[in-house]
Ligand SMILES: Nc1nc2c(ncn2[C@@H]2O[C@H](COP(=O)(O)OP(=O)(O)O)[C@@H](O)[C@H]2O)c(=O)[nH]1
Ligand SMILES: [Mg+2]
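In our numbering, the protein residues as written are 199 to 417.
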């Protein structure tokens, strides 16, 4: 019996991602894909940094989750346009889901689109959404061995955020060991440490994001 082999199972996604990137490029919108495990602090990072960006940038957020609109409600409370993307149990977003969401946001008016991916350190990293920049999160509560265990999460990241640094005194997280492993996996990634309790690191993060946005403010 002949067996069909699909050599590139990601081909369909890659095509949709290329279309997304082309549309975003045409409109001058920078797209950031925010990835990290469940509870690593993705939405908290957005809550801290979005108010620092909305003065100078027109921003919208796509919130990826399996169920519930809880995270979209947290973003909407900041008066930032947001669409909740529910995967109904799916463990990652893909480029087609994001493409559908483009019609629900004022894309042409934006400078920046941030996609919070489904909380998962594995699957989302395999799917290009058409983003320009990836920000990957490692919280100190997860352990310094996680870059070695989930290298794909960090391999393509332009920036790694080391979150929940206020918890460092309560964990055995070895910052130097984590940074060494991150450099081995992805020597080009910037690393910024954050902590929502003292708000440290968010000035640097806001500056990093502003530099990444290519379209000047058109307002
Ligand atoms: N101590 C501490 N807790 C944090 C920090 N950031 C997030 N958290 C907590 O971690 C939990 C998960 O945060 P959330 O932003 O929902 O993570 P997400 O699932 O990755 O979006 C919540 O209880 C947050 O209050 C931080 O910097 N320090
Ligand atoms: Mg979240």
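Glycine included, every Cβ here is placed at the ideal spot set by N, Cα and C.
Owing to the predicted nature of the structure, the values given are computational and were not obtained by experimental measurement.
Excluding its 5 nearest sequence neighbours in each direction, residue 230 has C-beta neighbours in its own chain below 8 Å: 310, 311, 312, 313, 329, 330, 331, 332, 333, 407, 410, listed in chain order. About 4 Å separates the beta carbons of residue 215 and residue 326, which is inside the 8 Å limit, making them a contact pair.
When rounded, the separation of the alpha-carbon atoms in residue 336 and residue 353 is 13 Å. Residue environment for residue 295: buried (at least 16 other C-beta atoms within 10 angstroms of its C-beta). Relative to ligand 1, the beta carbon of residue 394 is positioned inside 7 Å of a heavy atom.
Inclusion of residue 269 in the 7 Å shell around ligand 1 follows from its C-beta lying nearer than that to a non-hydrogen atom of the ligand. Proximity to residue 367 across 341, 316, 207 peaks at 341, based on C-alpha coordinates. Around the beta-carbon of residue 241, 16 or more other beta-carbon atoms lie within 10 Å, marking it buried.
For residue 401, the shortest C-beta to heavy atom distance toward ligand 1 is 7 Å or greater. The beta carbon of residue 228 sits closer than 8 Å to those of 222, 309, 310, 311, 330, 331, 410, 411, 412, 413, all from its chain and outside the five residues before and after it, given in chain order.
Here residue 383 is near residue 345, since their CB atoms are less than 8 Å apart.
In the DSSP annotation of this structure, residue 247 is not part of any beta strand (DSSP E); the continuous alpha helix (DSSP H) holding it starts and ends at 240-251. Rounded to the nearest whole angstrom, the C-alpha separation of residue 388 and residue 404 is 13 Å.
With contacts defined as CB atoms closer than 8 Å, residue 243 and residue 257 fail to qualify as a contacting pair. Going by DSSP, residue 379 is part of the alpha helix (DSSP H) stretching over 373-383.
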